[in-house]
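Peer 1:
In the numbering used here, the protein residues as written are 23 to 120.
1. Report back the beta-carbon spacing between residue 97 and residue 52 to the nearest angstrom; my notes put them in contact at under 8 Å.
2. Looking only at C-alpha atoms, which of 85, 31, 59 and 32 sits nearest to residue 95?
3. Jot down the residue ranges of each uninterrupted alpha helix (DSSP H) in the region 30-80, minimum 4 residues, whole runs only, in chain order.
4. When burial is assigned at 16 or more other CB atoms within 10 Å of the CB, is residue 56 buried or exposed?
5. How far does the alpha helix (DSSP H) with residue 118 in it extend, from its first residue to its last?
6. On the three-state DSSP scale, how would you describe residue 89?
7. Can at least three beta-carbon pairs, one atom from the region 98-107 and one from the region 31-41, be found at a separation below 8 Å?
8. For residue 26, name the three-state secondary structure that DSSP assigns.
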């Protein structure tokens with residue numbers, strides 16, 4: 023995968039992209055232990071996309087995702103790693119104004 027992954031600069035768009043990148047890791051060949059962390063991060067990220075969340079709660083969810091991603095081990099899959107890197111960058115965009 024040599025194409026650049028675009029990271030949204032607007033926080034709300036970055037929340038949607040965060041969930042999309044984590045969803046993309048679900049079909050990748052990732053070790054089970056790492057997959058558990060990614061699955062939990064994906065679930066929390068999808069929750070963060072809910073329209074009925076206030077900004078503070080959305081940021082809390084994104085902080086949870088960032089923590090979960092820090093806990094995940096190496097995947098051994100280049101594509102999954104690119105999506106995880108993009109997800110981390112999305113978290114940074116969302117949390118930049120804290």
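We treat Cβ as the ideally placed atom computed from N, Cα and C, and that holds for glycine.
This one's a predicted model, so the numbers in the text were calculated from it and none came from an experiment.
Peer 2: So, from the listed chains and residues:
1. 5 Å
2. 59
3. 33-46 and 54-70
4. buried
5. No alpha helix (DSSP H) holds residue 118; DSSP gives it neither H nor E.
6. helix
7. no
8. coil
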